[in-house]
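To keep things clear, I will list the structure first and then write my remarks on it.
What follows is the structure in structure tokens.
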């Protein structure tokens, strides 16, 4: 089955700096890669996603890049703010037609003011 | 607010008991997914339903079962509960099972087994 590795497990950045989280996946048939943000006591919130026919996608301060050959994708947050502090999860779908998501282990991001 | 609702928010019960968790998908979504989030296993896919039919299974124990009703709400039944079943249980929904659509998560049910 699909295996998704996520690094780092914790990330501390100064407000205004950039944060980068990296994930690798194992199933070459995966074609959908969402990122979720989870705040304490809440459910995962979809913040951005990318499909395998696209190499990069941006939405304001967040961007995701995908390298299908290397089977890795990354989340970039620029100009970090204290409200960006949360746990971030990457995920990949299982198989080209499937919608089951396999999640990475999560990255706890702390933005220091 | 994702539009996915889950009840109850918290549940405390004893080992050996049975509980039912409820989920209502976003308006218009036909597919429902259940996930378990625990400290040692992370977020794990349990089961998926589409328009009342089971669509895919993940790491769901035999003691657990689910169903989706004609009004599209779903219930996850956990029986013969063990201490290790203590976790957050999330429901997510999407318009259809595929091609891959965005999944929106509910606020979760925190289950504590004592």
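Chains as they are written, first to last, in the working numbering: chain A, 33 to 145; chain B, -11 to 102. Note that CB positions come from ideal geometry on N, CA and C, so glycine has one too. It should be emphasised that the depicted structure is a prediction, and the values quoted were computed from it without experimental measurement.
Going along the segment 59 to 70 of chain B in order, which residues come within less than 9 Å of chain A, judged by CB to CB distance?
Within the segment 59 to 70 of chain B, no residue has a Cβ that lies closer than 9 Å to any Cβ of chain A.
Report the residues of the segment 74 to 98 of chain A with a CB closer than 8 Å to any CB of chain B, ordered along the chain.
Look at the segment 74 to 98 of chain A: the residues with a C-beta under 8 Å from a C-beta of chain B are 74, 75, 76, 77, 78, 81, 83.
Where does the unbroken beta strand (DSSP E) through residue 88 of chain A begin, and where does it stop?
Residues 88 to 91.
Does the structure place the segment 66 to 81 of chain B close enough to the segment 120 to 127 of chain A that three or more beta carbon pairs sit under 8 Å?
The segment 120 to 127 of chain A is not in contact with the segment 66 to 81 of chain B.
Between residue 135 of chain A and chain B, is any beta-carbon pair separated by less than 8 Å?
Yes, because at least one Cβ of chain B sits closer than 8 Å to the Cβ of residue 135 of chain A.
Pick out whichever of A/77, A/111, A/37, A/143 has its Cα sitting closest to the Cα of residue 58 of chain A.
With distances taken between Cα atoms, residue 58 of chain A lies closest to A/37.
If you draw a straight line from the alpha carbon of residue -6 of chain B to that of residue 77 of chain B, how long is it in whole angstroms?
Answer to the nearest angstrom: the Cα atoms are 9 Å apart.
Among residues of its own chain, excluding the 5 on either side of residue 110 of chain A, which ones have a beta-carbon nearer than 6 Å to its beta-carbon?
Within the same chain, Cβ atoms closer than 6 Å to the Cβ of residue 110 of chain A are found at 50, 93, the five residues on either side in sequence being excluded.
Counting beta carbon pairs with one atom in the segment 7 to 26 of chain B and one in the segment 84 to 102 of chain B, are three or more of them shorter than 8 Å?
Here the segment 84 to 102 of chain B lies against the segment 7 to 26 of chain B, with 3 or more beta-carbon pairs under 8 Å apart.
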